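Here the structure is laid out as C-alpha cells; the discussion comes afterwards.
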Amino acid sequence: MLTRSGRLAAMTASGCLAMSVLGVTGAGAETAFAPDTCASGYVWRGARSSDHVCVDPAVRDRTRSENASGVWHACTTGFVWREAYTGDYRCVVPSSRSQARQDNGSAARRLAWVVMMKRNHAGNGPSCDGETCSTTNEGPYQTVGVRGYYLTPGTQVAVQVRRASDDRVLWQGRATAQSGGNGPAGSYSVDTGRVLCGGSSFAAPLTAYVVVRGDGGQWSPRVPIAWRSCGLV
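Here you go:
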C-alpha cells in the first residue's frame, strides 16, 4: 500500500503485501509492492479485505467507521447502501455512496505501477493540434509515456497497451526499475513513441488499456486510456 508512512497499516489491513514475485513480505517488502499499490497520497479503502481501491486517507477512515457500525441490509430513512463493491449492503449516508462511486471510477488512475504521462519532444517530428498532426512542422510534440513507482531496483517491467474491444496487444515494451529515479523506491519509465492526440491519455473515447507486470509476475489492474491514430496532413 501506498505512502511510506502508511506501509505498516497497509500490511496489517491486507494481511501482507507482496510484489509480483510471490512471498516477499515483512521487512523485505520495503520496496517490493503489489501491482495495485497506490500512488503517493492514497491508501487502500478497505471496504472489505480485498478492496484495494485507492482513496484519500480520510475516506479510508470513514470506511472503517462504517464497517464497524454493524448496520447492514435494512437501511433506515436517510441511509442507502454504500455499494463500494458488488454486494456491499452497508448502510451509509448518500454522500458516502456517491464518494464510493467516484473513487471506483478513479481507481485505475491512482495506481503507482501505471502512471500515464506526456513525453515532450523538442522537434523534428509531427506537431499536433487536437487530433490533427502535421509532419511538415518541426515544432514540439508529445508522445504517450508510462512510468511507475515502488519497485525493487532491478525489477524487469513489461508494459503492454491492449485494445479494449478484443484485448489485442497494440504496443509492448520493457524497462528496468532504477533506484534514485523520478519517484519513491525503484521506478521505471518508458516512451511508447505514440504521438499524443487530443491532449490527454484519458480523453474520451478510452479505446485501450495499459497493464504492467514485474519479473513475470501478475499483471497490474487495467488503466483505461485513449489510443488513437493521429490524422496526418
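When the letters of the sequence shown are read in order and numbered with mature numbering (1 follows the signal peptide of the UniProt record, and there is no 0), they come out as residues -29 to -1, 1 to 204.
Built from N, CA and C at the ideal position, the CB exists for glycine as well.
Predicted, not measured: the structure shown is a model, and the values here were computed from it.
> If you draw a straight line from the C-alpha of Ala71 to the C-alpha of Arg16, how long is it?
Replying inline: Working through the sequence shown from its first residue, we reach residue 71 at position 100. Working through the sequence shown from its first residue, we reach residue 16 at position 45. The alpha-carbon atoms of Ala71 and Arg16 are separated by roughly 9 Å.
> By how many angstroms is the C-alpha of Val182 removed from the C-alpha of Ser191?
Replying inline: In the sequence shown, the residue the question calls residue 191 occupies position 220. In the sequence shown, the residue the question calls residue 182 occupies position 211. In a straight line, the C-alpha of Ser191 is about 5 Å away from that of Val182.
> Does DSSP put Arg53 in a helix, in a strand, or in coil?
Replying inline: As a first step, residue 53 is located in the sequence shown; it is residue number 82 there, counting from the start. Coil at Arg53, not helix or strand.
> In the region 17 to 85, which residue ranges form an unbroken beta strand (DSSP E) of at least 3 residues, counting only runs that do not cross its ends?
Replying inline: none
>> Could you check whether Thr114 and Val166 sit closer than 9 Å to each other, using their CB atoms as the reference points?
In response: Start at 1 with the first residue of the sequence shown, and residue 166 comes out as number 195. Start at 1 with the first residue of the sequence shown, and residue 114 comes out as number 143. In contact: Val166 and Thr114 (Cβ atoms closer than 9 Å).
>> Could you check whether Ala146 and Gln127 sit closer than 9 Å to each other, using their CB atoms as the reference points?
In response: As a working mapping, residue 127 is identified with position 156 in the sequence shown. As a working mapping, residue 146 is identified with position 175 in the sequence shown. Yes, these two residues count as a Cβ contact at 9 Å.
>> Comparing C-alpha positions only, which one of Tyr121, Pro111, Val86, Gly157 sits nearest to Ser172?
In response: Position 201 of the sequence shown, counted from the first residue, corresponds to residue 172. Here the closest residue by C-alpha is Val86.
> From Pro28 to Val14, what does the alpha carbon distance come to, in whole angstroms?
Replying inline: Taking the sequence shown and counting its residues from 1, the one referred to as residue 28 is at position 57. Taking the sequence shown and counting its residues from 1, the one referred to as residue 14 is at position 43. Going from the Cα of Pro28 to the Cα of Val14 covers about 6 Å.
> Going by DSSP, what residues sit across from Ser160 in a beta bridge?
Replying inline: Locating residue 160 in the sequence shown gives position 189, where the first residue counts as 1. Paired residue(s): Arg118.
> Do you know how far the Cα of Cys168 is from the Cα of Thr107?
Replying inline: By 1-based counting over the sequence shown, the position of residue 107 is 136. By 1-based counting over the sequence shown, the position of residue 168 is 197. The pLDDT assigned to Thr107 is 47, lower than 50, so where the model puts this residue is not dependable, and the model offers no usable value.
> If you draw a straight line from the alpha carbon of Ser21 to that of Ala135, how long is it in whole angstroms?
Replying inline: Here the question's residue 21 lines up with position 50 in the sequence shown. Here the question's residue 135 lines up with position 164 in the sequence shown. Near 25 Å, if we compare the C-alpha coordinates of Ala135 and Ser21.
>> Less than 9 Å between the C-beta atoms of Arg68 and Val42, yes or no?
In response: If you number the sequence shown from 1, residue 68 lands on position 97. If you number the sequence shown from 1, residue 42 lands on position 71. No. Outside cutoff.
>> Taking its Cβ as the centre, do 16 or more other Cβ atoms sit within 10 Å of Ser150, making it buried, or is it exposed?
In response: In the sequence shown, residue 150 corresponds to position 179, counting from 1. It is exposed - the Cβ of Ser150 has fewer than 16 other Cβ atoms within 10 Å.
>> Between the alpha carbons of Asp162 and Asp7, how many angstroms are there, rounded?
In response: The residue labelled residue 162 in the question sits at position 191 within the sequence shown. The residue labelled residue 7 in the question sits at position 36 within the sequence shown. When rounded, the distance between both Cα atoms is 22 Å.
> Considering only the beta carbon of each residue, do Cys25 and Asp59 sit closer than 9 Å?
Replying inline: Numbered from 1 along the sequence shown, position 54 holds the residue referred to as residue 25. Numbered from 1 along the sequence shown, position 88 holds the residue referred to as residue 59. The answer is no: Cβ separation not under 9 Å.
> When burial is assigned at 16 or more other CB atoms within 10 Å of the CB, is Thr34 buried or exposed?
Replying inline: Position 63 of the sequence shown, counting from 1, holds the residue named residue 34. When all chains shown are included, Thr34 counts as buried.
> Which same chain residues, not among the five before or five after Gly164, have their C-beta less than 6 Å away from its C-beta?
Replying inline: The residue labelled residue 164 in the question sits at position 193 within the sequence shown. Around Gly164: Thr114.
> Can you tell me whether His44 is buried or exposed, with buried defined as 16 or more other CB within 10 angstroms of its CB?
Replying inline: Working through the sequence shown from its first residue, we reach residue 44 at position 73. So His44 ends up on the exposed side.
>> Just to confirm the assignment, what range does the beta strand (DSSP E) spanning Gly185 have?
In response: Counting from 1 along the sequence shown, the entry for residue 185 is found at position 214. Gly185 -> beta strand (DSSP E) spans 179 to 185.
>> Distance check for Tyr159 and Phe4, CA to CA, integer angstroms please.
In response: On the sequence shown, residue 4 is found 33 positions in, with the first residue counted as 1. On the sequence shown, residue 159 is found 188 positions in, with the first residue counted as 1. One C-alpha to the other measures close to 14 Å.
> Is any heavy atom of the ligand ATP found at a distance shorter than 8 Å from the C-beta of Thr178?
Replying inline: Summarising the ligand content, the structure contains no ligands, and the ligand ATP is consequently not present.
>> Between which two residues does the beta strand (DSSP E) holding Leu141 run?
In response: Numbered from 1 along the sequence shown, position 170 holds the residue referred to as residue 141. It spans 140 to 147 - the beta strand (DSSP E) in which Leu141 sits, taken as one unbroken run.
> For the putative contact between Tyr121 and Ala83, defined by C-beta atoms under 8 Å, what is the C-beta separation to the nearest angstrom?
Replying inline: Residue 121 sits at position 150 when you count from the first residue of the sequence shown. Residue 83 sits at position 112 when you count from the first residue of the sequence shown. Indeed, because the Cβ distance is near 5 Å, the residues count as touching under 8 Å.
>> If the criterion is Cβ atoms closer than 9 Å, does the pair Ala18 and Arg53 meet it?
In response: By one-based count along the sequence shown, residue 18 stands at place 47. By one-based count along the sequence shown, residue 53 stands at place 82. Yes, the pair counts as a contact, with Cβ atoms nearer than the cut-off.
>> Measuring alpha carbon to alpha carbon, tell me which residue in Gly119, Gly76, Tyr56, Arg184 is nearest Ser11.
In response: The residue given as residue 11 occupies position 40 in the sequence shown. The option with the nearest alpha carbon to Ser11 is Gly119.
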